[in-house]
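With the first letter of the sequence shown counted as 1, position 14 gets the number 4 in my numbering; the numbers rise by one all the way through.
First up is the structure itself, then whatever we jot down about it.
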Amino acid sequence: MDTEITKTDQEWRNELTSGQYHVLRERGTERAFTGEYWDCHDDGRYRCAACGGELFASDAKFESGTGWPSFTEPAVAEAVTLHRDRTFLTVRTEVRCRRCGSHLGHVFDDGPRPTGQRYCINSCALDLDRPRHRDPAERDGPRS
Ligand SMILES: [Zn+2]
């Protein structure tokens, strides 16, 4: 794979938890409703758990009801690459981190407006970078 960050299998195994390794490097899928972020509403930037590259913004996160964190779009289009996935009987579109080539999840075209896309991402492939300074009064306030 032609990526900015290349590590050996052993290096990835050393750096990642076994669950992360399974998802990120073996293209696994964590069980729905078990991950850290599917029900997370905190503001911040979701980074790749393998390389730290910025992938998704909390602004693009929405309630999909699937049990996995879901986003309408990547933080920047260049953050991810899309690949045709024929692992199962249906053809799906796999989402990978552009920097390190790690598997993140899949994208489907049944998402909400305006993009109509649903990036269905494994929690353990993400690392939420919460802003350090924030007004506590805004914490649970209404969102526009
Ligand atoms: Zn990455």
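C-beta: ideal position from N, C-alpha, C; glycine also.
Where residue i falls: helix, strand or coil (DSSP)
i	result
Y109	strand
H93	strand
A47	strand
V70	strand
Y11	helix
F98	strand
Pair within 9 Å by beta-carbon distance, residue i and residue j
i	j	result
A39	L72	no
D99	Q107	yes
R37	E44	yes
I(-5)	R74	no
S48	D33	yes
G95	T19	yes
P64	F46	yes
R86	H93	yes
C110	S54	yes
Any non-hydrogen atom of ligand 1 closer than 8 Å to residue i Cβ
i	result
R89	yes
I(-5)	yes
C38	yes
S113	no
G42	yes
S92	yes
Range covered by the alpha helix (DSSP H) that runs through residue i
i	result
R3	D(-1) to E5
Whole-angstrom distance between residue j and residue i, CA atom to CA atom
i	j	result
R122	G9	28 Å
H31	K(-3)	32 Å
T56	R35	21 Å
E84	N112	12 Å
N4	E68	27 Å
T62	T105	6 Å
Residue range of the unbroken beta strand (DSSP E) whose run includes residue i
i	result
L116	L116 to D119
R214	Here the chain has residues from -9 to 134 only, and residue 214 is not among them.
R17	Element bounds for R17: n/a, residue is neither H nor E.
Y36	R35 to C38
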